[in-house]
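Numbered continuously in UniProt numbering, the sequence shown closes out at residue 420. From the three backbone atoms N, C-alpha and C, an ideal C-beta is built for every residue, glycine too. Computed from a predicted structure; not experimentally measured. Notes follow once the structure below has been shown.
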Amino acid sequence: MLSAPPRALPPLPATSGRSRRTLRPSGAQAASRAGEPSAAPGWDSPPPGFHAARVSKGSSAARGTLHGGQEPIAEEKPTRRRRLRPASTRRSPLSSEQARGLSTARDWMTDSGGCSGVARHLARWARHRKRKARKGSRGILVSMALHALWGVCSPQGFWVERTPVHEAAQRGETRQLQQLIESGACVNQVTVDSITPLHAASLQGQVQCVQLLLAAGAQVDARNIDGSTPLCDACASGSVECVKLLLSYGAKVNPPLYTASPLHEACMSGSSECVRLLIDVGANLEAHDCHFGTPLHVACAREHLDCVKVLLNAGANVNAAKLHETALHHAAKVKNVDLIEMLIQFGGNIYARDNRGRKPSDYTWASSAPARCLEHYEKTPLSLSQLCRVSLRRAAGVRGLEKIARLDIPPRLIDFLSYN
C-alpha cells in the first residue's frame with residue numbers, strides 16, 4: 001500500500017536577484033517608515049544609551065536632556081549572580097583543611113588566635129597551585145605552605161620550639177641529654193625551622209651528644225628548612241670526629257640536594273681533613289650548587305689553599321664553570337697570587353671568559369702582583385713537561401693519585417706527576 005505523498009512546502013517569495021538577508025529592512029529604512037529619525041545604517045535598532053553616549057559636554061543633553069527633550073537613558077550593567085552551594089555542603093577554609101587530614105594544623109591555628117585568615121590564604125594558594133601540580137598533591141602543597149611559615153610537624157603532630165633535648169645537645173651536656181633520653185624524650189622532634197637535636201649537636205661539634213642521639217635512634221639524614229643534613233652541619237663545624245661518626249651510621253655523603261653538599265660545607269669551613277675524608281668515601285667532586293658552583297669554586301673564593309690542593313690532587317676539574325666563571329676567575333677576584341699560580345700549574349685556562357666577556361686578568365688591578373702573574377703566563381706558556389703533566393693528570397681523572405702511585409715508573413717521575 002502506497003503512502004500519501006509528502007505535503008508541499010509554500011514557495012519562497014521572490015527576491016529579485018538580491019540575497020535573502022536584504023529582505024529585512026535595515027535600521028534606517030525601518031525608522032523612516034515609522035516616522036522616526038534614522039539610526040546608523042545597518043543597525044536594526046540603536047543600543048540602549050547610544051544617544052546618551054554620543055552627547056558632548058556642551059550640548060543640552062549634557063545638561064540633563066537629549067536633542068528631543070528626553071532624559072538620557074541610563075545603561076544598566078548586568079549583574080552576575082554568584083552560585084552558592086547548599087549550606088549543608090558549604091565548607092570554610094579551616095574545615096576544608098580538616099577534611100584533607102590537617103586537623104592538627106587547624107586546631108593549632110585556631111588555638112593560637114587570629115590565624116583563620118592565614119588558613120584562608122593558604123587554602124586559596126593551594127587551589128591556585130593545584131592547577132599546575134600533579135593530581136592528589138593538594139595536601140602536600142598546603143603542608144609546604146605551612147612549612148614555609150611555621151616549620152614542619154613533629155611525629156607527635158605539633159609545632160614545637162626548642163626543646164630541652166635541643167638545648168642539651170647544643171651545649172654538650174651529655175648527662176642531661178642522657179637523662180632526657182632515658183625519660184622518653186623524642187630525639188627526632190623538630191623546631192619551626194626543622195632543626196633536630198642531631199643538627200644542633202653536629203653544628204657545634206659535640207661528638208658525645210651526637211653519639212648519644214644516634215644510639216637513641218636519631219634520623220641521620222634528617223633535613224632542616226634549608227635542606228641541610230647533620231653531615232652538612234658537621235662539615236661546616238670542621239669536626240672530623242663528628243663526620244666519621246655520622247658516616248659510620250650510614251649518613252649519605254652525596255645527598256640529593258640542590259644547595260650546598262657536605263663537601264661544599266667542608267670547603268667553606270677550610271677543613272682539609274674533612275675534605276680528604278669525604279673524598280675517600282666517594283664524595284662527588286663536581287657537585288654543583290646553584291649559588292656557589294663546585295667545591296673548587298668555594299675553596300678558591302674562601303682562599304683555602306689546602307682544600308684547593310686536596311681537590312686538585314683528587315682530580316677536580318680546574319676549568320669547571322659556574323655562569324662561565326672558572327676557579328681562576330675567583331682567584332683573580334680575591335687577588336691571591338699563590339692560588340693563581342697553583343691553578344695555572346694544574347691547567348687553569350687563563351684565557352677563559354665569563355658571562356661578561358672578562359678574563360681573569362680583567363679582575364685585577366693594573367701593575368698589581370696578581371695582574372703581573374697573569375700577564376706573565378699569558379706571554380709565557382707552560383713548558384712541554386708541564387703540559388704533559390697536565391695531560392696525564394687529566395687522563396687519570398678522579399682520584400688520579402691512586403692510579404699514578406700504582407704505575408711502574410721511577411719514584412721521581414711519580415713525585416713530579418703528584419706535584420710534590
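Report the rounded CA-to-CA distance for M109 versus I350, giving the unit in angstroms. Within the sequence shown, residue 109 is the residue found at index 109, counting from 1. Within the sequence shown, residue 350 is the residue found at index 350, counting from 1. At M109 the pLDDT is 45, less than 50, meaning the model places this residue with poor confidence; the figure from the coordinates comes in the next sentence. Those two C-alpha atoms are separated by around 58 Å.
Boundaries of the alpha helix (DSSP H) in which Q170 is found, first to last residue: On the sequence shown, residue 170 is found 170 positions in, with the first residue counted as 1. Looking at the DSSP string, the run of the alpha helix (DSSP H) that includes Q170 is 164 to 171.
Which term fits G101, buried or exposed, when burial requires 16 or more other beta carbons within 10 angstroms of its beta carbon? Reading the sequence shown from its first residue, position 101 is the one you call residue 101. Reliability fails at G101, whose pLDDT of 42 lies under 50, so the model's placement of it is uncertain and the value that follows must be treated cautiously. Flag for G101 reads exposed.
Return yes when the Cβ of C300 is within less than 9 Å of the Cβ of A327, no when it is not. Indexing the sequence shown from 1 puts residue 327 at position 327. Indexing the sequence shown from 1 puts residue 300 at position 300. Contact: yes.
Are H297 and S272 touching if we call contact CB-CB under 9 Å? As a working mapping, residue 297 is identified with position 297 in the sequence shown. As a working mapping, residue 272 is identified with position 272 in the sequence shown. The answer is no: Cβ separation not under 9 Å.
Measuring CB to CB, does E265 end up less than 9 Å from S239? Translated into the one-based positions of the sequence shown, residue 265 becomes position 265. Translated into the one-based positions of the sequence shown, residue 239 becomes position 239. No, these two residues do not count as a Cβ contact at 9 Å.
Can you tell me the Cβ-Cβ gap for residue 427 and L339, rounded? I've got them flagged as a contact below 8 Å. The displayed coordinates of the chain run from 1 to 420. Any statement about residue 427 would go beyond what the structure contains.
Which residues mark the beginning and the end of the alpha helix (DSSP H) in which H264 is found? Counted from its first residue, the sequence shown places residue 264 at position 264. Note, H264: alpha helix (DSSP H), 262 to 269.
If you measure between the beta carbons of Y377 and K309, is that distance less than 9 Å? Here the question's residue 377 lines up with position 377 in the sequence shown. Here the question's residue 309 lines up with position 309 in the sequence shown. No, Cβ-Cβ distance for Y377 and K309 is not below 9 Å.
Distance, D226 Cα to D289 Cα: Counting from 1 along the sequence shown, the entry for residue 289 is found at position 289. Counting from 1 along the sequence shown, the entry for residue 226 is found at position 226. Rounded to the nearest angstrom, the two C-alpha atoms are 13 Å apart.
Rounded Cβ spacing between L203 and A236 (contact assumed at less than 8 Å): Numbered from 1 along the sequence shown, position 203 holds the residue referred to as residue 203. Numbered from 1 along the sequence shown, position 236 holds the residue referred to as residue 236. Their Cβ separation, rounded to whole angstroms, is 7 Å, which keeps L203 and A236 in contact under 8 Å.
With contact counted as at least three CB pairs below 8 Å, one residue from each stretch, are the region 178 to 195 and the region 205 to 220 in contact? yes
Between the C-alpha atoms of L401 and L392, what's the straight-line distance to the nearest angstrom? The residue labelled residue 401 in the question sits at position 401 within the sequence shown. The residue labelled residue 392 in the question sits at position 392 within the sequence shown. Roughly 11 Å separates the two Cα atoms.
Can you round the beta-carbon distance between H324 and D362 to whole angstroms, since I take them to be within the 8 Å contact cut? By one-based count along the sequence shown, residue 324 stands at place 324. By one-based count along the sequence shown, residue 362 stands at place 362. Going by Cβ atoms, the distance from H324 to D362 rounds to 13 Å, so no, they are not a contact pair.
Per DSSP, what kind of secondary structure is G400 in: helix, strand or coil? Counting from 1 along the sequence shown, the entry for residue 400 is found at position 400. Residue state, collapsed to three classes: helix.
Per DSSP, what are the beta-bridge partners of G293 in this structure? Taking the first residue of the sequence shown as 1, we reach residue 293 at position 293. Partner(s): D289.
Can you tell me the Cβ-Cβ gap for V398 and A283, rounded? I've got them flagged as a contact below 8 Å. Locating residue 398 in the sequence shown gives position 398, counting from the first residue. Locating residue 283 in the sequence shown gives position 283, counting from the first residue. That pair is no contact at about 10 Å.
Whose C-alpha, out of Q176, C209, A222, Q206, is nearest the C-alpha of V190? Indexing the sequence shown from 1 puts residue 190 at position 190. Nearest option by C-alpha distance: A222.
Residue from S383, L278, W365, V390 with nearest C-alpha to V318: Numbered from its first residue, the sequence shown carries residue 318 at position 318. Nearest of S383, L278, W365, V390 to V318, Cα basis: V390.
Express the C-alpha separation of R276 and G293 in angstroms, rounding to a whole number. Here residue 293 refers to the residue found at position 293 of the sequence shown. Here residue 276 refers to the residue found at position 276 of the sequence shown. Distance between the alpha carbons of G293 and R276 is about 19 Å.
Whole angstroms are fine: how far does the CA of Q208 sit from the CA of R356? Here the question's residue 356 lines up with position 356 in the sequence shown. Here the question's residue 208 lines up with position 208 in the sequence shown. If I take the Cα positions, the gap works out to 49 Å.
Which of the three DSSP states, helix, strand or coil, is assigned to E325? Looking up residue 325 in the sequence shown gives position 325. Strand at E325.
In the DSSP assignment, the alpha helix (DSSP H) including L245 goes from what residue to what residue? Numbered from 1 along the sequence shown, position 245 holds the residue referred to as residue 245. Looking at the DSSP string, the run of the alpha helix (DSSP H) that includes L245 is 240 to 248.
I need the straight-line Cα distance from V243 to R302, nearest angstrom please. In the sequence shown, counting from the first residue as 1, residue 243 sits at position 243. In the sequence shown, counting from the first residue as 1, residue 302 sits at position 302. Whole-angstrom Cα-Cα distance: 21 Å.
Is D193 buried or exposed, if buried means 16 or more other CB atoms sit within 10 Å of its CB? The count along the sequence shown starts at 1 and reaches residue 193 at position 193. By the neighbour-count rule (16 or more Cβ atoms within 10 Å), D193 is not buried but exposed.
Could you have a look at C186 and say whether DSSP puts it in helix, strand or coil? Counted from its first residue, the sequence shown places residue 186 at position 186. Coil at C186, not helix or strand.
Could you check the C-alpha separation between M342 and S248 for me, to the nearest Å? The residue labelled residue 342 in the question sits at position 342 within the sequence shown. The residue labelled residue 248 in the question sits at position 248 within the sequence shown. So the two alpha carbons sit approximately 34 Å from each other.
Can you say whether S383 is buried or exposed, counting buried as having 16 or more other CB atoms within 10 angstroms of its CB? One-based indexing of the sequence shown puts residue 383 at position 383. By the neighbour-count rule (16 or more Cβ atoms within 10 Å), S383 is not buried but exposed.
Kindly give me the distance between the Cβ atoms of R406 and G347, rounded to whole angstroms, as I take these residues to be in contact under 8 Å. As a position in the sequence shown, residue 406 is number 406, starting the count at 1. As a position in the sequence shown, residue 347 is number 347, starting the count at 1. Their Cβ separation, rounded to whole angstroms, is 22 Å, which puts R406 and G347 out of contact at 8 Å.
Quick check: what's the CA-CA separation for E375 versus T174? To locate residue 375, count along the sequence shown from 1; it is residue 375. To locate residue 174, count along the sequence shown from 1; it is residue 174. When rounded, the distance between both Cα atoms is 57 Å.
Can you give me the start and stop residues for the alpha helix (DSSP H) that N313 sits inside? The residue labelled residue 313 in the question sits at position 313 within the sequence shown. That run of the alpha helix (DSSP H) goes 305 to 314.
Please report the distance separating the alpha-carbon of D415 from that of R162. Stepping through the sequence shown from its first residue, residue 415 is reached at position 415. Stepping through the sequence shown from its first residue, residue 162 is reached at position 162. Computed Cα separation, rounded: 53 Å.
Note the first and the last residue of the continuous alpha helix (DSSP H) segment covering P370. To locate residue 370, count along the sequence shown from 1; it is residue 370. Run containing P370: 369 to 379, per the alpha helix (DSSP H) assignment.
What did DSSP end up calling Y363 once you bin it into helix, strand or coil? In the sequence shown, residue 363 corresponds to position 363, counting from 1. Helix at Y363.
Range of the contiguous alpha helix (DSSP H) that encloses R412: Position 412 of the sequence shown, counting from 1, holds the residue named residue 412. Per DSSP, R412 belongs to the alpha helix (DSSP H) from 411 to 417.
Enclosing alpha helix (DSSP H) for V210 [first to last residue]: Locating residue 210 in the sequence shown gives position 210, counting from the first residue. Counting along the chain, the alpha helix (DSSP H) containing V210 begins and ends at 207 to 215.
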